[in-house]
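Input: a single structure, listed below in structure tokens.
2 protein chains.
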Amino acid sequence: MAFQISPSPRIERSPYYAATVADGVTAFSTYNHMLMPTSYGDPQAEYRRLTEGVAMWDVAVERQVELAGPDAGTLVRILTPRRLDHLAPGQGRYVAICDHRGTLINDPVLLKLAEDRIWLSIADGDLALWARAIAAERGLHVQVNVLPVAPLAVQGPHAAGVAAALFGEEVRGLPPFAFRRVMLSGMDLLVGRSGWSGEDGFEIYLQDPARGIDLWERVRAAGRPWNIGPGAPNPAERIESGLLSCGGDTDDRTNPFEVRMGRYVDLETADAAIGIGALRRIAAEGPQRHQLGVVLDTDDPAPTDDLWCEITVDGVLAGHLTASAVSPRIGARIGIALIDRRHGPGDRVTVTLPDGQRVGADLRALPFR
Amino acid sequence: MAFQISPSPRIERSPYYAATVADGVTAFSTYNHMLMPTSYGDPQAEYRRLTEGVAMWDVAVERQVELAGPDAGTLVRILTPRRLDHLAPGQGRYVAICDHRGTLINDPVLLKLAEDRIWLSIADGDLALWARAIAAERGLHVQVNVLPVAPLAVQGPHAAGVAAALFGEEVRGLPPFAFRRVMLSGMDLLVGRSGWSGEDGFEIYLQDPARGIDLWERVRAAGRPWNIGPGAPNPAERIESGLLSCGGDTDDRTNPFEVRMGRYVDLETADAAIGIGALRRIAAEGPQRHQLGVVLDTDDPAPTDDLWCEITVDGVLAGHLTASAVSPRIGARIGIALIDRRHGPGDRVTVTLPDGQRVGADLRALPFR
């Protein structure tokens, strides 16, 4: 869809915007009320850069919802059913945020900066509204703010080389989701071991939006030995790696167990955690649906990604294809299904594409790699 | 900005999408996780159609958040500081939704379908998250759902003619924000006297998304005597009329008194209403900022609408220009300011445009018309 995107203050530009335009960005999505670069015009090159080299991504849309104040820890234990008892400052976790029905409403990376200061690096959705409502209704002493912090992701097999060139060799030792404060040319940054790909990766949290172009250029310069180039979260790679797109792969009744997030739900957590009662019931009864991989009998590159496609078995609706892309690794169009648990890996299904065409497909376990 | 908009199930198409593409839509924004047509390529013609004839708008992005159940009325009295004591089914109201700090988080049109069924036709933002959090935390018996209902707006001096041709002469008598249930060729619709323009207008609430193209064509056929054509919420007209863009003209600390919504805040309402304590304090102290019109010393049509522009007086920051557009009625670039209350209509200010250019401007009262 090549249309103008109307300028609006409701949809913010990233601090890296001018750099991404200079680098030839061709497509955007919107995410958390911001423009998000999604392509630089050559999907194959972007895939290779991510899986064989190193890529830099403007992911400023991953807004940081900060919980600050004496009750920050209490609030976060209410917001997520994942136990965080021994989490130290400098550590992070991937967490599920559920509503009172146990429905998944966001899947942020949590960064614990201090006992009284926690960031939630959120997926698309106004999580600050939710967190503020809960904090106020429970009378907690905590401020919930959306910070003008802009992550820049460095992703790919050579990501650690780039991060070490920028911030010193010790960042190579950061465990997953851990982070540390670093200074770069007067910029006060966090660097963490994270990113929305199955490759190694780091995310650099810029706190001063005025330094966006400067940071972009410094990352590019540091990555030159590995031929770093621009990219974006990659539809094919993320499906291969089985990463969740919250809001894309989920609907208004999806619980964490349906989308392989059961391991992030601690059923023994405190009763104060929102949704824990519903989640215990769902765990006891078994969820209705589960998330599987799909290999379609086509390598037609036409995108099917703009809506969910019906999946049928013997003409009966079984679930939906929530995303798909042509996978260089698999050599076919692959996808993600949210489907009735009666159907499992190895089963044969039919997918109805947006144009009405019916395509056969095989169910697989996730991830593909 | 002419870029591809990447397809994603996070960003839904409207049921009218194919019709708007066939009618030559050239630009979109996103709003409530949906694509919203914003232009058909001829702003002057679209302005004239709206102010002299009649236009049809795809405003499916005005999502309906339904409160359904025995506590629907209780919940809505908690959600808004506007009193709704004598509101009968079939009546509607423009309401402010504030958080506990008194900050405006949405400005929906409320439609009371029944004592136990209320729709909030929302501005951009995940109000359902907020409403669900409040309902659950207060133990209310109410379901909060985002409905697949798609409003189509008919706006302009001849809107009543079109509505009467479709639904009968009695719709001409609908008071502002009132609505009624109507059937059209088997489509179960609501039609209400509302719309985001200063002109007369109706909004038709389609409940079956599969009938979108059918409804679009029927509205077009009914409007043919008045040369109806496609359009979209119009930046120039809405500024002339002083309509609020919640999230565009507001920031994370804007209260209703700052944006001319004080008349929708009843300070005597029940203490259970969220934010009422903060709103009483703000009313007593007087808000810090207010919203005024601006007439700039330029009629350069270059848009400045993608971000807030600083307004200074004698070199000191006084506020921001939150929107602007060239007004055919005024014959100049006009805008909306959120500005310190020390500055009032008649004052001279300086606006710094995104390219750094400084332009003189006069403050005015709102609306312009």
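Residue numbers (my numbering), protein chains in the order written: chain A, 9 to 377; chain B, 9 to 377. Note that CB positions come from ideal geometry on N, CA and C, so glycine has one too.
In chain B, which residues lie with their C-beta within 9 Å of the C-beta of residue i?
i      : result
A:D308 : The contacting residues do not exist; A:D308 stays about 15 Å from chain B at best.
A:V154 : D260
By the criterion of Cβ-Cβ separation under 7 Å, what are the contact partners of residue i in chain B?
i      : result
A:W316 : P17
A:G459 : Missing from the structure shown is residue 459 of chain A; chain A here goes from 9 to 377 and no further.
A:G330 : Contrary to the premise, residue 330 of chain A reads as Thr rather than Gly in this sequence. Those within 7 Å of A:T330 in chain B are P17.
Would residue i and residue j be called neighbours here (beta carbons separated by less than 8 Å)?
i      : j      : result
B:D132 : A:R18  : yes
A:G283 : A:R109 : yes
A:E248 : A:G220 : no
B:V103 : B:T88  : yes
B:G200 : B:V62  : no
A:G364 : A:D305 : no
A:V152 : A:A136 : yes
A:T360 : A:D260 : no
B:L160 : B:M64  : yes
B:R85  : B:A280 : yes
B:I13  : A:S332 : no
A:V150 : A:L75  : yes
A:P217 : A:F265 : no
B:G250 : B:F376 : yes
B:E177 : A:E145 : no
Residues of chain A with a CB under 7 Å from the CB of residue i: which are they?
i      : result
B:D132 : R18
Output needed for residue i: all residues of its chain with C-beta closer than 6 Å, excluding positions within five of it in sequence on either side, in chain order.
i      : result
B:A340 : V303 and D307
A:A27  : I221 and W224
B:I235 : As written in the sequence, residue 235 of chain B is Asn, which differs from the Ile given in the question. These residues qualify, in order along the chain: G61.
B:S335 : A244, E248 and I342
A:V190 : F175, L197 and V199
B:L346 : R297, Q299, G327, H328 and T330
B:E70  : S129 and P159
B:R180 : A168 and A172
A:R337 : E248
Thinking residue i and residue j are a contact (beta carbons under 8 Å), I'd like their distance in whole angstroms, please.
i      : j      : result
B:A80  : B:I126 : 5 Å
A:R188 : A:L174 : Rounded, the Cβ-Cβ distance is 12 Å, inconsistent with contact.
A:T46  : A:A292 : That belief does not hold up - the Cβ atoms of A:T46 and A:A292 are roughly 40 Å apart, past 8 Å.
A:A373 : A:G327 : The pair is not a contact, with the Cβ atoms about 15 Å apart (cut-off 8 Å).
B:P15  : A:D314 : 3 Å
B:C254 : B:D115 : 4 Å
A:L43  : A:Y25  : 7 Å
A:A168 : A:G100 : The Cβ separation is near 17 Å, so there is no contact.
A:A141 : B:I142 : 6 Å
B:R366 : B:T358 : 5 Å
Name the chain B residues that come within less than 8 Å of residue i, Cβ to Cβ?
i      : result
A:S47  : Q12 and S14
A:R85  : Going along chain B, no residue has its Cβ under 8 Å from A:R85, so there is no contact; the nearest lies around 16 Å.
A:D107 : L137, R140, A141 and A144
Along chain A, which residues have their Cβ under 8 Å away from the Cβ of residue i?
i      : result
B:S37  : I13, S14, S16, R18 and I19
B:I113 : L137
Give every residue of the same chain whose Cβ lies closer than 7 Å to the Cβ of residue i, excluding the five residues on either side of it in the sequence, and list them in chain order.
i      : result
A:T82  : L148
B:G49  : G32 and T34
A:E245 : Y55, L58, T59, S205 and G206
B:T277 : P89, R91 and I284
A:R288 : L275
B:A68  : S22, P23, Y24, M42, A158 and P159
Leaving aside the five residues before and after residue i along the sequence, list all residues of the same chain whose C-beta is less than 8 Å from its C-beta, in chain order.
i      : result
A:E8   : Here chain A covers residues 9 to 377 and nothing more, so residue 8 of chain A does not appear.
A:R226 : L174, L192 and S193
B:E20  : H41, M42 and L43
A:P433 : The requested residue 433 of chain A does not occur in the structure, where chain A is confined to residues 9 to 377.
Going along chain A in order, which residues have a C-beta closer than 9 Å to the C-beta of residue i?
i      : result
B:T34  : F11 and Q12
B:H149 : Neighbours of B:H149 on chain A: none; closest Cβ ~13 Å, over 9 Å.
May I ask you to check if the CB of residue i is nearer than 7 Å to at least one heavy atom of the ligand MN?
i      : result
A:C106 : The model on display carries no ligand, and the ligand MN is accordingly not part of it.
I want to see whether chain C comes within less than 8 Å of residue i, judged by CB atoms only; does it?
i      : result
A:F175 : Checking the listed chains, one finds no chain C in this structure; the protein chains it contains are A and B.
Suppose only complete runs of 3+ residues qualify. What are the beta strand (DSSP E) ranges in the region 100-144 of chain A, listed by chain order? Counting only runs that start and end inside the region 100-144 of chain A, the beta strand (DSSP E) elements of at least 3 residues fall at 100-102, 112-114, 117-122 and 125-129.
Enumerate, from N- to C-terminal direction, the unbroken beta strand (DSSP E) stretches of 3 or more residues contained entirely within the region 224-271 of chain A. DSSP runs (the beta strand (DSSP E)) wholly in the region 224-271 of chain A: 237-239.
Would you list, in sequence order, the uninterrupted beta strand (DSSP E) runs of no fewer than 3 residues that lie entirely inside the region 313-337 of chain B? Segments of the beta strand (DSSP E) lying fully in the region 313-337 of chain B: 317-321 and 324-335.
Whole runs of the beta strand (DSSP E) within the region 129-216 of chain B, excluding any shorter than 3 residues: If you keep only unbroken beta strand (DSSP E) runs of at least 3 residues inside the region 129-216 of chain B, you get 151-155, 158-163, 187-192, 195-200 and 209-214.
Sequence ranges, alpha helix (DSSP H) only - wholly within the region 37-71 of chain B, length at least 4: The region 37-71 of chain B is shown to contain whole alpha helix (DSSP H) runs of 4 or more residues at 51-60, in chain order.
Beta strand (DSSP E) runs contained entirely in the region 341-369 of chain A, provided each spans 3 or more residues: Counting only runs of 3 or more residues that sit fully inside the region 341-369 of chain A, the beta strand (DSSP E) segments are 356-360, in chain order.
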